[in-house]
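Q: The C-terminal residue of the sequence shown carries number 547 in our numbering, and the numbering is unbroken.
The C-beta atom is built at its ideal place from N, Cα and C for all residues, glycine as well.
Computed from a prediction, not measured in an experiment: that's the story for all the values here.
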Amino acid sequence: MAAIALTIAGSDSGGGAGIQADLKAMSALGVYGASVITAVTAQNTCAVTAVHGIPTQVIRAQIDAVLGDFDVKAIKIGMLATPEIIGVVADAIAGFDGPIVLDPVMVAKSGDALLATEAVGALRHLLVPRASVLTPNLPEAACLLETNDAGSLNEVTAQGRALVALGADTVLMKGGHASGAICHDLLVGPEGVLAELTAPRLATKNTHGTGCTLSSAIAAGLAKGLTLKSAVQEAHTYLQGAIIAADDLHVGQGHGPVHHFHRVWPA
C-alpha cells in the first residue's frame, strides 16, 4: 500500500507553492498526496493579486471526505488565512492521532500577506499545540512569540524552545532569513537542539515555495514511517537539490519556484 499524506493549504495558481508544491514534493518522495484546499490565490512569481477563502463548511467536508476514506499517515498544514478557517481545521483533525507538520504560512515570497493579523492568535492557541513539528522561518517564529527576529543561533534556540513551550512537540527553526554564507536550520525540542542542518547559502532568487516544499517533504517522510530526525534530514537534502536546480527552470519573471522533480527530469 502506498504511504498517504494529506496537505491542508491554499492553492497557488503559479504552481510553485501551496497545495501544488506540496503534492509535487510528496510525489517526488514516493508518497501519495491527498489535499484539502483552504483558499484560492491568484498569484505568480511576482505578486499575489487576489485571495479567496474557501467556505468553512467546504473545508470541513474535504477533511472529512479524505480522513473518512484514506489511511492518512501524516498531515501537513499550510496557509489557513483566517481565524475561522483555523478553527474549523483544528476541530476537523481533533481525532487524528498521526504526526502533524504545521508550517505557519504568513507572507508569500513576493511580500504579500497570506495570514490575517487577527489569525495569529488562533494559530498560536489552536494549532501550535497540535504540531508534531512546527516549521517557522525566523520572522514567523518572532511573530508567533510577539518578539523580534532572532539574531544569533543562541537566540534561535531560545525561540525554538519558547515555541515548544506553547505546545509544539518540536520546532524546526529555519535559517533562510538569517545572514551569513551558511544557512542553519535547528530542530529544537524541550531540552534544546536535537539536530542542526546546514547548507551553503545559494545566490538565487528562485526560492518560491521553499517553506511549503520543506514541510510537505517532512510530512512525506513521516508518512513513510521515518523517524522525525530522518524525515527532517531527508526533506532538507531534497530541498537543497531542488534549490540548486531552480535556476534551470526559467519559470516566471520574479521569484521562481524550486525544481521539485530535479531527481526525475532535468530542466
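From which residue to which residue does the alpha helix (DSSP H) around Gln533 run?
A: It is not in any alpha helix (DSSP H) - Gln533 carries neither H nor E in the DSSP assignment.
Q: Can you tell me which residues form a DSSP beta bridge with Lys454?
A: Asn417
Q: For Ala442, report the span of its beta strand (DSSP E) as first-last.
A: Ala442 -> not in any beta strand (DSSP E); alpha helix (DSSP H) instead, spanning 433 to 445.
Q: Please report the straight-line C-alpha distance between Ile366 and Leu406, rounded to a whole angstrom.
A: Rounded to the nearest angstrom, the two C-alpha atoms are 7 Å apart.
Q: Apply the 10 Å Cβ neighbour rule to Asn417 and answer buried if 16 or more other Cβ atoms are within range, or exposed otherwise.
A: buried
Q: Taking the alpha-carbon positions, what's the Leu531 to Gln300 distance?
A: Contrary to the premise, residue 531 reads as Val rather than Leu in this sequence. Here the alpha carbons of Gln300 and Val531 stand approximately 15 Å from one another.
Q: What are the boundary residues of the beta strand (DSSP E) that includes His332?
A: 328 to 333
Q: Comparing C-alpha positions only, which one of Ala372, Val436, Gly521 sits nearest to Trp545?
A: Gly521
Q: For Asp465 and Met453, what's the separation of their Cα atoms in angstroms?
A: 6 Å
Q: Between the C-alpha atoms of Pro419 and Gly295, what's the straight-line distance to the nearest angstrom?
A: 24 Å
Q: Looking at Gly534: is its Cβ nearer than 8 Å to the Cβ of Ala526?
A: no
Q: With DSSP as the reference, please indicate the residues paired to Val352 in a beta bridge.
A: Val352 is bridged to Ile284.
Q: Is the stretch 303 to 311 close to the stretch 323 to 337, with three or more CB pairs under 8 Å?
A: Output reads no: the stretch 323 to 337 does not touch the stretch 303 to 311.
Q: Drop a sphere of 10 angstroms on the beta-carbon of Asp383, count the other beta-carbons inside from all chains shown, and report buried for 16 or more, exposed for fewer.
A: By the neighbour-count rule (16 or more Cβ atoms within 10 Å), Asp383 is buried.
Q: Measuring alpha carbon to alpha carbon, tell me which of Val413, Val387, Gly447 ends up nearest Arg404.
A: Gly447
Q: In the DSSP output, what is Ile462 paired with across the bridge?
A: Pro480
Q: Along the chain, where does the alpha helix (DSSP H) containing Val316 start, and where does it finish?
A: Counting along the chain, Val316 falls outside any alpha helix (DSSP H), though it belongs to the beta strand (DSSP E) covering 312 to 323.
Q: Quick one: what does DSSP say Ser412 is sitting in, helix, strand or coil?
A: coil
Q: Could you give the residue range of the beta strand (DSSP E) that holds Gly519?
A: First, the amino acid is wrong: residue 519 is Leu here, not Gly. No beta strand (DSSP E) holds Leu519; the alpha helix (DSSP H) holding it covers 508 to 524.
Q: Determine contact between the stretch 394 to 402 and the stretch 509 to 520, defined as no fewer than three beta-carbon pairs at a distance below 8 Å.
A: Between the stretch 394 to 402 and the stretch 509 to 520, the count of Cβ pairs shorter than 8 Å is below three; the stretches do not touch.
Q: Alpha carbon to alpha carbon, how far is Met281 from Lys353?
A: As the crow flies, the alpha-carbon of Met281 is around 12 Å from that of Lys353.
Q: Going by DSSP, what residue range makes up the alpha helix (DSSP H) through Val368?
A: 363 to 372
Q: In whole angstroms, what separates the C-alpha of Val387 from that of Val346?
A: In a straight line, the C-alpha of Val387 is about 28 Å away from that of Val346.
Q: Roughly how many angstroms separate the alpha carbons of Gly357 and Ala322, rounded to a whole number?
A: Checking the displayed sequence, the identity of residue 357 turns out to be Ile instead of Gly. So the alpha carbons of these two residues sit roughly 20 Å apart.
Q: Quick check on DSSP: helix, strand or coil for Ala301?
A: helix
Q: Which residue wins for smallest C-alpha separation from Leu414, given the options Val320, Thr450, Ala445, Asp392?
A: Leu414 has its Cα closest to that of Thr450, out of Val320, Thr450, Ala445, Asp392.
Q: If we ignore side chains and look at the alpha-carbon of each, how far apart do Thr318 and His457 end up?
A: 26 Å
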